[in-house]
Structure formats: structure tokens, C-alpha cells
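Trainee: From first to last, the protein sequence lines are chains D and R. Taking my numbering, the leading residue of the first sequence gets 8, the next gets one more, and so forth. Taking my numbering, the leading residue of the second sequence gets 378, the next gets one more, and so forth.
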Amino acid sequence: MNTRRMITGNGAAAWGARLARVEIIPNFPITPQTAIIEEISLWIASGKMDADFLPMESEHSVQSALAAASSVGTRVFSATSSQGLMLMTEMMFVTSGLRLPVIMVNVSRGLSAPITLWSDHNDVLVQRDSGWLQIFCSNNQEVLDSVVMGYKIAENSNVLLPMLINLDGFTLSATREPVEIPGQDEIDDFLPAYNPKHTILDPKEPMSMGGVVFNEYMYFRSQQRMAMCNSKDIITAVCAEWEKMTGRGWGRGLVEPYCLEDSERVLVICGSESAILKYTVDKLRAKGEKVGMLRLRTMRPFPCEEIVDALSDVEKIGVIDQDISPGSGGIIATEVKACLGRGVTSFIAGLGGRRIGAEKYEKIFGRLGRDVEEWIF
Amino acid sequence: MKDPYLKKLTDIPMEDYLVGGHVACQGCSASLGLRLTLKVLGKDTIVINGSGCMTLLPVYPTTPLRVPWIHLAIENSGAAGTALYYALRRKNIDANILAYAGDGATYDIGLQSLSGAAEKNIDMIYICYNNQSFGNTGHQRASSTPRASSTSTTPLGKVEVAKDMPAIMAAHRIPYVATACPSYPIDFLNKVKKAAEVKGMAFIDLLVPCPVGWGFDPAEGINIGRLAVRTGLWKLYEITDGKVSISYIPKKRKRVSEYLSAQGRFSHLSEGDIRRIQAEVDQEWDELEERGYGYEIMV
């Protein structure tokens, strides 16, 4: 039976894992993620959740344990942030290369140095070439929904890739919002148990995993790329099924268009900042300005066709990047430009959680139409 | 004392789970060590490998292993063992978990992960196949490299002494720690059997002479291992419940010069260097004799 509760983004992530009946949770504390694993440890200790909680000695060990446990065919979950995700980097590629459908939440936080506890997207975007699917959530409900849907997508035999689900530190992780928590029976019907055929560490069926390849290496990488391409349809189908069950489809799964029909000026954005941007769009539209927003929900696979479909007729396009690749520019702006084959205005904003706010978005809408990089302090 | 599991070479099981056709070097004691280990542990065993020489056993699309094998990276065999232990329980799979990783992967880069598994006393067998260097990359210095040994990154010989890894493992209060060498297969395999039988983590530091890195004829691998033990340079012992007991006391110790002069890695040593090493070994064994070849290392 559905219930509605006021929970944080971290709580929503924990609920997603609980509903998905994850079995092994290797973990390591890091701000602002820690509340996720604390909540899960409490549920396991009180018998509300049947899973093994493995406190590891580092995030590198967490990712190693996720891969090892998934190789046996158990459903696994973990969460991390920032420096923790960086320490996992080596193993991120191993997990996806072994085609293990691990689901991990990243509570985004700017990277050191200097140290910040607040959110931006450089941590998660560093992993964009690691072969993980990447989902950026805009609110706490989407966090819960994405974790549960994540297993169904990642475990699909045409995908078999791990998924990183991003929620913004503090903005979502520590903020309470009303979240609908689906009933366990409903989720059990939606998400069957994981029964892999490709990786099984069982003496009854000996196989060698993670061995050496020579000339064949490129074929393995090609298959991984193909799986990423396949995932688009699977994401859309799973979101459609979820919408049927819960009424929430999260756009078509890949992008969320907002007021695009007659828009002359559009901002592309991802994550929780989209809520404030929507508010700004409403405000400007009330004044008769033809503005809109396109939220990218998946960063991998990058929704190139969907961006082209949504924006090909739009005259002035801007991209908000809460990240920076020094020497290149906004990471998302660079990718959007590559899809569209034309310039956009690239705004670097909100690094280390620096407040943007509706008044600045209003100004930003007035500065579109130039192929430049502009920093919004 | 309980009868040992194996008394003579013909007691060793015939069945092999590491079979021929792989690409390990001629005279490699590390592959011999794994082959012997799997004979004792049998088919219900899952091997975790930390990156190193043995990672080159399964080369796509072939594998010489008849038991499940997983390689993830160099520094995480302990973490992988921890996860496997719980995941196998969830799947109701009853199997030995064997981590087989080199000394670089154990003493150095993987120490944190191994320590994590040891602190949790995970029921697994961790065998460090120890060629006293980063062997697979061409014999570079490691914290396991003995003092005076030259390596490709210590051309003048290593200055520091090797880390006492068995003592570090024993300090985690795990139930069984041992050292061994495939040149003494009965001693080694009885230790593997004990390692499999204890509940909790067992750690075996296995000296595996490396013809390529150490610089000796591949045909001499077994002899070099024997010399390491008979000169007293590599001690065979067990640590259970904080008590060290020497499992092999060389009747009349050979001179260390016989061991050192047989290997390229010690060819730079002077007579004086060799005399100093001999004096150290003699002093160590004199002390061991005074203590009855057994002593407590922890209270």
C-alpha cells in the first residue's frame, strides 16, 4: 500500500534500495551521503530489511565489494559522494567492463581542493566515460523512483551495465519533501529477482572472470557501447511501465521538457536546480516572455536525439553547467553543442553549491544567443 | 599431536584444478603453489586473484582453471573476499574462498583491503605468493624485498629490511597464519588444509622463487626454495592464537652464501656483505633455539 511521507533525498535513496530488496550493501561514510547508509543499517538492525551491511575500509573497497557480490548474482547497492566517488574511479571501469548491474547513488558534492561540502556536478561527471548509466534526479520522489527503476533497467539482458543515480547534496539530500512510497507488493510485481546468466561464481559452473584479452579488447568495448545504446529504449519502456503503476513517468525517461512548445529562449539544465528554473520560467511566461527549459535526466546515455528534437527550432539556447573542465569549459554545454552542431551560451554557475536563485536565472535568460562561456558568480 | 593430513608426496591428491597450457614462466613456483593448493581445496573453491603474474593464467578465450576465478584489480582481494563471503551465503553456495595474490598486492598496495577483511575475520584463505618483488612488471622493489637484494628499481641493493607481514596479520587476531614454500609441499599443503579448516581468516605467506626476477636457471626453482629454507633465511612457521611455532628446523643450516651466490639479484654483494647476512641469520636462529623454537608474540 502506498504511503506518503516527508523524507529527505537520502531517505528516498534508502527507501529505493529497501523496496528493491537489495541483498548486499558495502559502504563507507562520506558527507553528504552518510545518512543513506545509516538509515539502511537501522532497518537491517531492526529486522525491517533483510540484507548484509558491509562496512568497508575505503570507497575503493566498496566498489570492489559491489563488483564481487554482483558477480555471484546478488543484488547490490551503495552510495557515495565526491572524494569517495573519485577513489572508486579505477573500479568503476571494472564494474561496467564486467557488465555488472550495480546501482549506486552519488550525492553530489564539489571536489577538493579547496574543500567544500556543497553540491556541484564535477564529481559525477568525472565518471561520464566509465560505462555507467547516469541519471540526474530533480527531487526526492525521483530519487526513490530512479533507484527502483534502475535495477530493472540495469539488469535487462540487453543492458547489463551499472547505474549511477545522482542527487544534489543538501539541496535534495538533507531537504524533506513529500514522497510517495510504493507498497512492497507493488514493487515485487514490478521488479523480479535478479538471476544473471552471464556472470555466476559458482563451483557448479566454473568460469573465469576478469581475465586478460589481447586483440579482442576492442570488441568488448564495442559491446559495452552497444549496451549503452540499447539502454535508451529500455529506460523509456521502464519509465512508461512505472508511469502506468505510479502515475510518474519522468518525461520519456531521458529528458524533461518544460514549456518548450513556442519557446524562443531555452535553458538546458540538470538536477535539482531545475525546480528553481521552472519557477523562473513560470514567472517570465506570466509576463509574456517565450522561455522554456529542457532538463537532461540521463547524462549517459547522452540524450542527443531528444535534445535535437526538442531544440532544433529554438533560436537562443543556453546551458547551465554546475561543473567546469578547465581549459575546455562547461562539460554539458560542450556535449549539447556537439549534438546541435551550433553554438550555445555556456553558463558556469553554482560551483561548490553557490546559490543561483530565480533572480539570476531571469538575468541569464536575457543573455542568451552568444556562443560564449560566462561565469555567474 | 593429531596426525597430519599428508605424510608423503604420494598422499597429495591426483586431481588437478589448474591444468597445463597456461603462460606462466618455466620454473614458476607461483603457479606450482596454486596448482598444489587447489589439489587440497578441491572443486568447491572460488579463486580471487589480485593483479600480478597469475592474472595471466586465463587469457581469453581460454582458461586453465577448472574452478571459478575472478580478477578485479591489484589492491582489493580482501574486499572481494569479504563481499564473496556474504554473497555466497545469500546464494547458499558452500565453497572455499581462496585469495591468491602476489606480495606487491599484499604487503603494499592491497594491505588496507586485506586488513579490512582480517579485522572482520572473514572465513577465507589468503595466500600471498611471495616472489619478494613486483615480479610481473619485471622485478621492482617492494616492501617484501629482502635487504640487499637488487631489483630493477634498487640497482644498488635494497637498504631496508622486508616488512614482517605474518606478524602484521597475526596482530589482527586471525586464527591462523603460516609461512610456507612449494619446495616443501607436504609442509605447505598441511598448512593449506589447516587454513581451510579454521573458522575465520587464514593467511599463508608462500615464498615462490622467481627465475626471471631473481636470476637463476628455471630448472633450479625447487632447489632455490629449499636453500632459502635450509640456510634459515626463509623460516617455515605457524602462528596460532598469538603463538609462533617453527614448523621446520634445518638440522645443519647451510651457509647463506650457497643461496645468495646462486641468484643474480645478490651478485653485487661483497664477501663482507655475505658475512654480515650470515651473522644475522645465525643470531636469529640462536635466539630461536634459546626460546625452544616457539614463543608468544602477543598477550
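Beta carbons: idealized from backbone N, C-alpha and C, even for Gly. Just so we're clear, the structure is a prediction, and the values are computed from it rather than from any experiment.
Could you work out which residues of chain R lie near Ser98 of chain D, taking near to mean beta carbons separated by less than 8 Å?
Mentor: Looking at the sequence provided, one finds Met at residue 98 of chain D rather than Ser. Those within 8 Å of Met98 of chain D in chain R are Leu449, Ala450, Asn453.
Trainee: Taking a contact to mean a Cβ-Cβ separation below 7 Å, would you say Val417 of chain R touches Leu566 of chain R in this structure?
Mentor: Cβ atoms of Val417 of chain R and Leu566 of chain R: closer than 7 Å.
Trainee: Flag this pair as touching only if the region 543 to 559 of chain R and the region 575 to 588 of chain R have three or more C-beta atom pairs under 8 Å; answer yes or no.
Mentor: Yes, the region 543 to 559 of chain R touches the region 575 to 588 of chain R.
Trainee: Could you say if the region 65 to 83 of chain D and the region 45 to 57 of chain D meet the contact criterion of at least three C-beta pairs nearer than 8 Å?
Mentor: Output reads no: the region 45 to 57 of chain D does not touch the region 65 to 83 of chain D.
Trainee: Report yes if the C-beta distance between Thr514 of chain R and Lys535 of chain R is below 7 Å; otherwise report no.
Mentor: No.
Trainee: List the residues of chain R that Asp7 of chain D touches, going by C-beta distances under 9 Å, in chain order.
Mentor: In the structure as shown, chain D starts at 8 and stops at 384, and residue 7 of chain D therefore has no counterpart that could be examined.
Trainee: Lys294 of chain D lies in the beta strand (DSSP E); which residues open and close that run?
Mentor: Note, Lys294 of chain D: premise wrong, no beta strand (DSSP E); not H, not E.
Trainee: Out of D:Ala21, D:Asn9, D:Arg28, D:Cys311, which has the shortest C-alpha to C-alpha gap to Ala340 of chain D?
Mentor: Ala340 of chain D has its Cα closest to that of D:Cys311, out of D:Ala21, D:Asn9, D:Arg28, D:Cys311.
Trainee: Between Lys468 of chain R and chain D, is any beta-carbon pair separated by less than 7 Å?
Mentor: True, the Cβ-Cβ gap to chain D drops below 7 Å.
Trainee: Spell out a yes or no on whether the region 632 to 645 of chain R and the region 606 to 623 of chain R are touching, meaning 3 or more CB-CB pairs, one atom from each, closer than 8 Å.
Mentor: The region 632 to 645 of chain R is in contact with the region 606 to 623 of chain R.
Trainee: Tell me which residue opens and which closes the beta strand (DSSP E) that Asp59 of chain D is part of.
Mentor: Residues 59 to 62.
Trainee: I think Ile314 of chain D touches Val343 of chain D, with their Cβ atoms under 8 Å apart; what is that distance to the nearest whole Å?
Mentor: Ile314 of chain D to Val343 of chain D, Cβ: 6 Å. Contact.
Trainee: What do you get for Glu673 of chain R, buried or exposed, if any count of 16 or more other CB atoms within 10 angstroms of its CB means buried?
Mentor: Result: exposed.
Trainee: Beta carbons nearer than 8 Å to chain D: which residues of the region 394 to 423 of chain R have them?
Mentor: Hits within the stretch, in order: Lys420, Asp421, Thr422, Ile423.
Trainee: Pick out the complete alpha helix (DSSP H) segments inside the region 584 to 628 of chain R, 4 residues or longer, and give them in chain order.
Mentor: Here the runs fully enclosed are 588 to 591, 598 to 607.
Trainee: Span of the beta strand (DSSP E) holding Thr387 of chain R?
Mentor: That residue, Thr387 of chain R, is in no beta strand (DSSP E); it is neither H nor E in DSSP.
Trainee: Of the residues D:Asn222, D:Met252, D:Leu105, D:Ile242, which one's Cα is nearest the Cα of Asn9 of chain D?
Mentor: For the residues D:Asn222, D:Met252, D:Leu105, D:Ile242, the minimum Cα distance to Asn9 of chain D belongs to D:Met252.
Trainee: Just tell me which of D:Met233, D:Gly260, D:Ile276, D:Ala52 has its CA closest to the CA of Gly104 of chain D.
Mentor: Comparing Cα-Cα distances from Gly104 of chain D to each of D:Met233, D:Gly260, D:Ile276, D:Ala52, the minimum goes to D:Met233.
Trainee: Applying the criterion that 16 or more other CB atoms from any shown protein chain within 10 Å of the CB defines a buried residue, is Val676 of chain R buried or exposed?
Mentor: The predicted model places Val676 of chain R with a pLDDT of 49, which falls under 50 and marks its position as unreliable; any figure quoted below should be read in that light. Flag for Val676 of chain R reads exposed.
Trainee: Taking DSSP as the reference, what is the three-state secondary structure of His67 of chain D?
Mentor: Helix, per DSSP.
Trainee: Give the straight-line distance between the Cα atoms of Cys346 of chain D and Glu322 of chain D, rounded to the nearest whole angstrom.
Mentor: Their backbone Cα atoms lie some 15 Å apart in a straight line.
Trainee: What are the residues of the region 56 to 74 of chain D that lie near chain R, defined by any Cβ-Cβ distance shorter than 7 Å?
Mentor: From the region 56 to 74 of chain D, only Asp59, Leu61, Met63, Glu64, Ser65, His67, Ser68, Ser71, Ala72, Ala74 have a Cβ closer than 7 Å to chain R.
Trainee: For Asp658 of chain R, report the span of its alpha helix (DSSP H) as first-last.
Mentor: The sequence shown places Val at residue 658 of chain R, rather than the Asp named in the question. Element bounds for Val658 of chain R: 648 to 667.
Trainee: Helix, strand or coil: which one does DSSP assign to Arg28 of chain D?
Mentor: Note: Arg28 of chain D maps to coil in three-state DSSP.
Trainee: Do Met13 of chain D and Pro33 of chain D have their beta-carbon atoms positioned less than 7 Å apart in this structure?
Mentor: It is not a contact, given that the beta carbons lie outside the stated cut-off.
Trainee: Could you tell me which of D:Leu174, D:Trp125, D:Lys159 sits nearest to Gln148 of chain D, measuring between CA atoms?
Mentor: Nearest of D:Leu174, D:Trp125, D:Lys159 to Gln148 of chain D, Cα basis: D:Leu174.
Trainee: For Ala457 of chain R, which residues from the same chain have a beta carbon less than 6 Å from its beta carbon, with the 5 sequence-adjacent residues on both sides left out?
Mentor: Excluding sequence neighbours, Ala457 of chain R sits near Ile425, Leu449.
Trainee: Starting from the C-beta of Pro390 of chain R, find all residues in its chain whose C-beta is less than 6 Å away, skip the five residues before and the five after it, and write them out in chain order.
Mentor: Excluding positions up to five away in sequence, the list reads Lys416.
Trainee: If you follow the alpha helix (DSSP H) that Glu369 of chain D is in, where does it begin and where does it stop?
Mentor: Segment 364 to 372, the alpha helix (DSSP H) holding Glu369 of chain D.
Trainee: Tell me whether Pro438 of chain R is buried or exposed, calling it buried when 16 or more other Cβ atoms sit within 10 Å of its Cβ.
Mentor: Pro438 of chain R comes out exposed.
Trainee: Is the CB of Thr483 of chain R under 7 Å away from at least one CB in chain D?
Mentor: Cβ-Cβ to chain D under 7 Å: no for Thr483 of chain R.
Trainee: Would you say Ala555 of chain R faces chain D, with C-beta separation under 7 Å as the test?
Mentor: So, not an interface residue.
Trainee: What residue ranges within the region 484 to 521 of chain R form continuous beta strand (DSSP E) runs of no fewer than 3 residues, ordered along the chain?
Mentor: Within the region 484 to 521 of chain R, the complete beta strand (DSSP E) runs of at least 3 residues are 502 to 507.
Trainee: Would you call Gly373 of chain D buried or exposed, if buried means 16 or more other Cβ atoms sit within 10 Å of its Cβ?
Mentor: The residue in question, Gly373 of chain D, is exposed, as its Cβ has fewer than 16 Cβ neighbours within 10 Å.
Trainee: With distance defined between alpha-carbon atoms, name the residue in R:Ser644, R:Asn600, R:Leu665, R:Gln660 nearest to Ser624 of chain R.
Mentor: When only C-alpha atoms are compared, the closest one is R:Leu665.
Trainee: In the structure shown, what three-state DSSP assignment does Gln141 of chain D receive?
Mentor: If DSSP states are grouped into helix, strand and coil, Gln141 of chain D belongs with the strands.
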